[in-house]
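K.L.:
Start counting the sequence shown at 2; every next residue gets the next number (the numbering used here).
We put the CB at the ideal spot given by N, CA and C, even for glycine.
Would you mind keeping the following structure in view while I ask a few things?
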Amino acid sequence: MTDVHVRDRAWQQGRLAYASQAATLVLYIVALWLEVYIDTRKAGEASGNLFYESHRRWRIRTSFIFLIWTIMSGLAIPFGGIGWPALILTYLWYAARVLTGLIYWQRRRPIGVRKNGGTIRGRRDRRTAASSYITREY
């Protein structure tokens, strides 16, 4: 299979993953597991490409953080007044992440990646930022 076919397939899978993330707002569990399945099982086809890898990482993090905060908010509903506002904020945060990812996807730009190649968060970013800080001339 040529590189163009692999990229076309990865592009279609990315669109499907973002569509399932948007559907998660309504169909929560089924769509969330579909999106995670797409991004974890099909990761090999997009490996090595910064654009596809950054979006795959963005979607997986978004899905798991959304899952954790939704469960925590749902458990907090019976025990106090913070559960419902937290749940609403969680859904708004999720919608914003999906829209941000989709905008970057349509513009064909990697997401969560700095220009120097380091990620926004994580160990690699700290090392990259530290080394660029040390070598920077003032």
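Tell me where the alpha helix (DSSP H) around Val99 begins and ends.
P.N.:
Gly84 to Gln107 is the extent of the alpha helix (DSSP H) around Val99.
K.L.:
Going by beta-carbon coordinates alone, are Gly113 and Trp59 separated by less than 7 Å?
P.N.:
Their beta carbons are under 7 Å apart, which means Gly113 touches Trp59 by this criterion.
K.L.:
According to the neighbour-count rule (16 or more other Cβ atoms, all chains shown, within 10 Å of its Cβ), is Val31 buried or exposed?
P.N.:
So Val31 ends up on the exposed side.
K.L.:
Quick one: Cα of Trp85 to Cα of Asp4, how far?
P.N.:
Approximately 47 Å between the Cα atoms of the pair.
K.L.:
Given this structure, state the Cα-to-Cα distance separating Ile72 from Val7, to the nearest angstrom.
P.N.:
The straight-line gap from Cα to Cα measures roughly 36 Å.
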